[in-house]
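Numbers 813 to 904, taken from this note's numbering, label the letters of the sequence shown in order. Backbone N, C-alpha and C define an ideal beta-carbon position, used for all residues, glycine too. Just so we're clear, the structure is a prediction, and the values are computed from it rather than from any experiment.
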Amino acid sequence: MAQTATKVLTAHVPRSLADKVDLMAERLERSRGWIMKQALSAWLDQEEERERLTQEALADVDGGRVIDHQAVQAWADSLNTDEPLPVPHGWN
Numbered sequence: 813m814a815q816t817a818t819k820v821l822t823a824h825v826p827r828s829l830a831d832k833v834d835l836m837a838e839r840l841e842r843s844r845g846w847i848m849k850q851a852l853s854a855w856l857d858q859e860e861e862r863e864r865l866t867q868e869a870l871a872d873v874d875g876g877r878v879i880d881h882q883a884v885q886a887w888a889d890s891l892n893t894d895e896p897l898p899v900p901h902g903w904n
């Protein structure tokens, strides 16, 4: 099986965070490095998804696919009433 190339990354973290990593590694019977790789991979996946969603939203704005702010505000304000408004739909 081929070895994957690796690179060492170093970061200074608060001791309390390092202690939590150590506790999790012990609980899961995994190495500290394994925990750090899992955490970093999950964070990168989250940030990539956030970027994708941001670009999608910006494309909607550029394409005029937006809902009027006043309509959204009126809907939100109505949620605490006995007769909430329907969710606003459609593009301006």
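Is the beta carbon of residue i less than 7 Å from the beta carbon of residue j?
i: P900; j: V884; result: yes
Given residue i, which residues of its chain have a CB within under 8 Å of its CB, disregarding the five upstream and five downstream residues?
i: D834; result: R844
Below 8 Å on the Cβ atoms is my contact criterion, and I expect residue i with residue j to pass it. Report the Cβ-Cβ distance as a whole number of Å.
i: A837; j: I847; result: 5 Å
Within 7 Å of any Cβ in chain C, is that where the Cβ of residue i sits?
i: V899; result: Of the chains in the structure shown, none is chain C; there is only one protein chain.
Leaving aside the five residues before and after residue i along the sequence, list all residues of the same chain whose C-beta is less than 7 Å from its C-beta, in chain order.
i: S890; result: P896 and L897
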